[in-house]
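Residue numbers (the working numbering), protein chains in the order written: chain Y, 102 to 443; chain D, 102 to 443. Note that beta-carbon positions come from the ideal geometry of N, C-alpha and C, so glycine has one too. Down below is the structure, laid out as structure tokens.
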């Protein structure tokens with residue numbers, strides 16, 4: 102009997118190793134561990150876990166084969182904060198500050214003076230045209246590889262003007278867990294953002310566990326040219342090639358992925374077409390809308406907000422039965438732990 | 102001593118299982134099986150196997166982490182034949198034939214009459230403008246989902262006018278093996294084609310084992326609109342959004358993938374920028390150029406060919422030390438076996 106136990110134990114071990122470490126598509130629930138520890142036990146968490154459990158269950162009529170498991174997430178306001186301004190704007194302002202010493206001629210430029218003074222209201226007065234000019238100065242006139250390096254350095258060191266945190270520390274811990282939970286269940290998770298694709302890609306693998314090629318964003322025009330030594334480079338031009346907002350998000354999802362997602366999360370009117378595009382697929386789908394209602398731990402904003410527009414989104418989310426994520430009730434913590442405000 | 106062996110055996114078994122079955126990135130060579138059975142033992146096969154073996158070897162200075170293992174392949178003339186005309190043109194001609202009965206007004210249209218008569222020389226006289234008009238008629242004015250269904254039906258049933266084969270039977274068996282070999286070694290394999298992205302995607306998973314989202318091609322403009330029941334659809338418009346040829350291929354690789362590939366295969370002047378873009382990356386790279394020199398088993402064509410332009414490519418391939426694939430010498434079979442001509 103002792104001998105039998107001895108022989109069976111290794112077999113058990115082999116089975117355990119085979120069925121735990123090697124099956125990335127196994128449900129995160131099977132081990133009994135909570136896959137979403139930063140989510141409170143509300144109907145929203147229940148709906149998410151129920152959806153994933155059902156569509157990965159081969160016996161379910163809603164079973165989805167691995168290739169259909171596509172999830173898309175907006176970035177600003179859905180995966181990280183977007184207040185008081187979209188974080189990419191802080192990148193642009195920081196670049197202006199870094200470049201200013203080399204540009205004495207900027208001293209006469211009122212827009213740039215407003216940036217250097219941190220006068221947001223004045224910058225706002227220049228509207229989209231002002232932002233476009235600042236983008237052209239800071240995000241064009243260099244190769245894609247040089248720009249990538251600038252962003253990587255900035256994201257490692259720059260601090261948010263209000264929280265004093267690194268920007269990557271202002272991601273949402275509950276969403277980081279959701280991304281991992283989906284990936285562990287065989288989902289391919291994409292970011293579909295109005296932000297610049299090349300601004301987001303350098304840091305998503307480390308921050309969100311999402312590889313560069315699964316980031317879809319707005320794009321500047323590119324020009325293929327050769328350096329003197331013959332090396333081909335792509336030069337970033339000042340004009341936009343594609344603005345990935347609104348209907349653009351549904352179009353870009355088709356162009357990059359080629360199939361309707363089954364999961365989509367957003368938080369603003371710029372995400373509505375992406376959410377509807379997902380909801381109307383043939384398969385069962387899960388559509389979520391993050392509602393920022395936690396002024397104490399993050400920000401609270403609603404209809405008619407200037408940044409993170411949601412004039413229509415919140416009403417639409419309720420009327421269509423989308424999952425409205427209540428940050429205050431649904432999330433135990435907002436940002437990754439070990440940081441202030443948590 | 103016997104007891105010790107008994108205790109070690111299970112450990113050995115566990116290790117074996119962990120390091121064989123569970124590591125999709127293990128080299129296809131380790132089992133001793135030839136990963137490229139349709140390739141003759143020429144220096145080209147040796148170079149391919151050597152490259153893959155080296156960059157997947159953790160002890161090598163050329164070792165590539167999994168995220169850097171990106172391979173791109175042109176489609177027409179690289180993964181399947183392209184003669185006498187690009188296969189997408191046969192799709193367009195077949196669509197004209199299928200639609201003609203509903204369009205009595207076409208009887209007065211000289212270009213369409215040339216298509217219905219199969220008069221290629223006459224069609225050629227209309228140049229790019231003629232093709233653009235035929236594309237607008239056959240590939241626009243419908244939703245992406247309807248177009249997808251039309252292509253799927255065509256690819257399952259349509260026959261090549263010369264060989265009488267299904268078009269998917271005119272893929273290259275040695276390249277199918279190369280794709281699998283790369284995938285088994287942790288490479289993410291993309292198609293980067295001048296052909297229509299939505300024309301290629303419906304059949305690549307089954308044919309090449311490449312999922313839809315890893316197909317990058319030319320794109321028609323899309324419009325987001327809603328059906329009467331509220332369902333959002335993407336309407337295919339007659340104008341081109343992006344032509345994925347020449348420098349466009351390098352740009353699209355950046356836009357979709359966001360990093361330089363380490364492996365690239367092409368066969369025409371339209372692929373040169375993609376091949377150079379790959380060759381000049383920081384990592385060790387493998388660049389291949391398929392030379393069609395087998396008139397008996399496929400087609401032989403060279404500098405100044407009308408379809409599959411290679412006025413510069415072949416000379417460049419030789420002078421830059423790219424791997425020039427000699428179809429006649431390097432490939433034991435051309436198309437998948439069990440079919441005529443093989």
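Residue 364/D and residue 172/D do touch by the CB rule: their CB atoms are close to 4 Å apart, below 8 Å. Apart from sequence neighbours up to five positions away, the residues of its chain that approach residue 271/Y with a beta-carbon distance below 8 Å are 181, 182, 188, 261, 264, 436, ordered along the chain. Around the beta carbon of residue 351/Y, 16 or more other beta carbons lie within 10 angstroms, which makes this residue buried.
Contact check between the segment 135–146 of chain Y and the segment 324–333 of chain Y: fewer than three CB pairs, one atom from each, fall below 8 Å, which does not count as touching. Using a Cβ-Cβ distance cut-off of 8 Å, the segment 136–155 of chain Y and the segment 245–258 of chain Y are not in contact, since fewer than three pairs of beta carbons, one from each stretch, lie closer than that value.
Here the C-alpha atom of residue 396/Y lies approximately 49 Å from the C-alpha atom of residue 310/D. Note that the C-beta distance between residue 287/Y and residue 379/Y is not below 8 Å. Close partners of residue 352/Y in chain D (Cβ separation under 8 Å): 323, 325, 335.
The C-beta distance from residue 332/D to residue 381/Y rounds to 5 Å, short enough to fall under 8 Å. DSSP, reduced to helix, strand and coil, places residue 244/Y within a strand of the structure shown.
For the segment 231–250 of chain Y, residues whose beta-carbon sits nearer than 8 Å to a beta-carbon of chain D comprise 245. Straight through space, the alpha carbons of residue 196/D and residue 224/D are spaced by roughly 15 Å.
Proximity of residue 356/D to chain Y, defined by a Cβ-Cβ separation below 8 Å, is satisfied. Residues of the segment 372–389 of chain Y with a Cβ closer than 7 Å to any Cβ of chain D, in chain order: 374, 377, 378, 381. Annotation for residue 308/D: 269, 272 place their beta carbon closer than 7 Å to its own, counting only its chain and skipping 5 residues before and after. For residue 346/Y, same chain residues with a beta-carbon under 8 Å away, outside a window of 5 residues either side, are 295, 319, 371 in chain order. In the assembly as shown, residue 258/D is an exposed residue. Its beta-carbon has fewer than 16 other beta-carbons within 10 Å.
If you look at residue 285/D, you'll find it in the alpha helix (DSSP H) that goes 274–285. Taking residue 256/D as reference, the option from 406/D, 299/D, 235/D with the minimal CA-CA separation is 299/D.
Any Cβ of chain Y closer than 8 Å to the Cβ of residue 312/D would place that residue at the interface, and such an atom is present. Residue 201/Y and residue 235/Y have their C-alpha atoms spaced approximately 12 Å apart. Where residue 215/D is concerned, the enclosing alpha helix (DSSP H) starts and stops at 211–217.
Residue 163/D sits away from residue 154/D, with the two beta carbons spaced by 8 Å or more. Remark: C-beta atoms of residue 388/Y and residue 432/Y do not approach each other more closely than 8 Å. Residue 302/Y sits away from residue 321/Y, with the two beta carbons spaced by 8 Å or more. Just so you know, the alpha carbons of residue 149/Y and residue 275/Y end up roughly 12 Å apart.
If you ignore the 5 residues before and after residue 428/Y, its C-beta comes within less than 8 Å of the C-beta of 391, 392, 393, 394, 395, 398, 399, 435, all in its own chain and listed in chain order. When the five nearest sequence neighbours on each side are left out, the beta carbons in the same chain lying within less than 8 Å of the beta carbon of residue 146/Y are those of 137, 140, 431, in order along the chain. Each residue's CA atom was taken as its position, placing residue 374/Y and residue 252/D some 26 Å apart. For residue 144/Y, there is no enclosing beta strand (DSSP E); the residue is found in the alpha helix (DSSP H) stretching over 144–156. Per DSSP, reduced to three states, the secondary structure at residue 288/Y is coil, with no helix or strand assignment. Here residue 413/Y has 370 as same chain residues with Cβ atoms under 6 Å from its own Cβ, once five neighbours each way along the sequence are excluded.
Not flagged as an interface residue toward chain D: residue 281/Y, since no C-beta distance is shorter than 8 Å.
Within the same chain, Cβ atoms closer than 6 Å to the Cβ of residue 304/Y are found at 256, the five residues on either side in sequence being excluded.
In the three-state DSSP reduction, residue 396/Y falls in the coil class, being neither helix nor strand. In the DSSP assignment, the residues bridged to residue 326/D are 334/D.
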